[in-house]
Amino acid sequence: MAATFQTLINGEKPVLVDFTATWCGPCKMMKPVLEEVKAKVGENVTIIKVDIDQSPQAASFYQVQSVPTLILFKKGQVVWRQSGVLPAGQLTAVLESNM
Numbered sequence: 174m175a176a177t178f179q180t181l182i183n184g185e186k187p188v189l190v191d192f193t194a195t196w197c198g199p200c201k202m203m204k205p206v207l208e209e210v211k212a213k214v215g216e217n218v219t220i221i222k223v224d225i226d227q228s229p230q231a232a233s234f235y236q237v238q239s240v241p242t243l244i245l246f247k248k249g250q251v252v253w254r255q256s257g258v259l260p261a262g263q264l265t266a267v268l269e270s271n272m
């Protein structure tokens with residue numbers, strides 16, 4: 174998992190990582206938002222979910238204090254991050270500005 178994650182975030186395509194947890198109410202609210210955003214940006218951005226309970230080392234490495242936390246990587250660099258629920262339009266704008 175860790176090697177695949179590193180390969181993915183170091184690629185040419187921007188990668189949005191959704192740090193989430195099964196017990197988190199706001200995380201459940203992000204699911205339809207992420208689906209709507211994915212429909213808009215298509216294959217230009219990879220969106221992956223990382224469960225902080227299953228991957229505590231990744232959450233710790235990126236200092237994820239609360240969920241949901243969204244981090245956008247471009248060529249291995251963090252170009253944007255935000256905690257909490259975002260409206261689809263706002264998230265789409267962030268992604269489109271980084272494609």
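Residues 174 to 272 in my numbering are what the sequence shown lists, from first letter to last. All residues carry an ideal CB built from backbone N, CA and C; glycine is no exception. Predicted model, so just to flag it, every value in this text is computed and none were measured.
| Check | Outcome |
| --- | --- |
| Would you mind working out which of Trp253, Tyr235, Pro187, Gly249 sits nearest valine 214, comparing C-alpha positions? | Pro187 |
| Taking all protein chains shown into account, decide if proline 260 is buried (16 or more other Cβ within 10 angstroms of its Cβ) or exposed. | exposed |
| What is the DSSP secondary structure of lysine 213, reduced to helix, strand or coil? | helix |
| Applying the criterion that 16 or more other CB atoms from any shown protein chain within 10 Å of the CB defines a buried residue, is valine 251 buried or exposed? | exposed |
| Can you tell me where the alpha helix (DSSP H) with glutamine 263 in it begins and where it stops? | 261-270 |
| Following a CB-centred definition, is valine 210 positioned closer than 7 Å to any heavy atom of the ligand ATP? | Only the bare structure without any ligand can be found here, which leaves the ligand ATP out of the picture. |
| With C-beta atoms as the reference, is valine 237 less than 8 Å away from methionine 272? | no |
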